[in-house]
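Visitor: Right, I'll just put the structure down here and ask away after.
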Amino acid sequence: MASDSVFRIFRRFDFLTVRTLLYLQDELCELEDRLNALDDSDLQSGNHAHTVSLHSRRHDQNQQQKALPAEIQVKLKTYHGAFNEYAEVASLRKPQKLYLDSVRNWLDGRKPTRRKARSRDTSVQYYSRSTIRRLVRTILTMLAVVLLFVPVIVLYYMHRPSAKLAVIAIFLFCFALPLALWTKSGNHEIFTALATYAMSPYHHILGYLG
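Under the numbering used here, the residue at position 208 of the sequence shown is numbered 193, and the numbers go up by one with no gaps.
See below:
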């Protein structure tokens, strides 16, 4: 997993985190009820001087009401810290399914948490992400060259205009399909690339028809 950053996938423990937040929330609700009960008790006592003292922390003679806000403050700090940390973790981008499946398959085959792990399969070869990227670029470059020159060569040896139009249509489809499936290009980008690609075969057939 340390060989490439895309494989550093860890559980978020959503269930445990939510349970912890709910537990802290319940504790805060209990503290809130206790504080409201103390306030109501003071209001119902009929002691006007003591009721007025509730508006000032320094003049409050109720020791419970002095200690309770400090306890609430500590609990709120813990709750807000846990909430912000979970919000930060929850905002992280989910791993791609390809990498997630790779990690799951590796864990299922290796079982590193077990005492007896299976022996590594020497027939499995790992390639780094940069190597795979270079290989894909090489294949795409070769495919682009083939799609550019092959239709020109084919059209050069063809004489029937209808057959040339069919060849152009086929190669335009072969060019547009990888753009739509293998890239994240938008519709206008695909149409622009398709029009640019079509210029060479079209020039050839238009020159022939002219």
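Even for Gly, the Cβ is constructed at its ideal location relative to N, Cα and C.
Between the stretch 1 to 17 and the stretch 56 to 65, do at least 3 Cβ pairs fall closer than 8 Å?
Guide: The stretch 1 to 17, when compared against the stretch 56 to 65, does touch it at the 8 Å Cβ threshold.
Visitor: If you draw a straight line from the alpha carbon of Tyr84 to that of Val121, how long is it in whole angstroms?
Guide: Their backbone Cα atoms lie some 17 Å apart in a straight line.
Visitor: Once DSSP output is grouped into helix, strand and coil, what is the label at Ser170?
Guide: Ser170: coil per DSSP, three-state reduction.
Visitor: In chain order, what residues of the same chain lie with their CB nearer than 6 Å to the CB of Asp(-1), ignoring the 5 residues before and after it?
Guide: Once the five neighbours on either side are set aside, Asp(-1) has no close Cβ partner at all.
Visitor: In the DSSP assignment, find the unbroken alpha helix (DSSP H) run with Phe(-2) in it and report its ends.
Guide: Counting along the chain, Phe(-2) falls outside any alpha helix (DSSP H), and DSSP gives it neither H nor E.
Visitor: Determine whether the beta carbon atoms of Val238 and Leu140 lie at a separation below 8 Å.
Guide: An answer regarding residue 238 cannot be provided, because it is not within the stretch -14 to 195 covered by the chain.
Visitor: Does the beta-carbon distance from Leu53 to Leu77 come in below 8 Å?
Guide: Against a cut-off of 8 Å, the Cβ pair of Leu77 and Leu53 comes out as no contact.
Visitor: Just the Cα atoms here: how many angstroms apart are Ala178 and Val135?
Guide: Cα-Cα distance, rounded: 18 Å.
Visitor: Whose C-beta lies closer than 6 Å to the C-beta of Pro80 among residues of the same chain, with five residues either side of it excluded?
Guide: The answer, listed in chain order, is Ile(-6).
Visitor: What is the residue span of the alpha helix (DSSP H) that Met127 lies within?
Guide: Its alpha helix (DSSP H) spans residues Arg114 to Tyr141.
Visitor: How would you label Tyr142, buried or exposed, when you count the other beta carbons within 10 angstroms and need 16 or more for buried?
Guide: Exposed, since its Cβ has fewer than 16 Cβ neighbours within 10 Å.
Visitor: As a quick exercise: from Ser170, Ser115, Trp167 and Tyr71, pick the residue whose alpha carbon is nearest that of Arg(-4).
Guide: Closest by alpha carbon: Tyr71.
Visitor: In three-state DSSP terms, what is Ser76?
Guide: Of the three classes helix, strand and coil, the one that applies to Ser76 here is coil, per DSSP.
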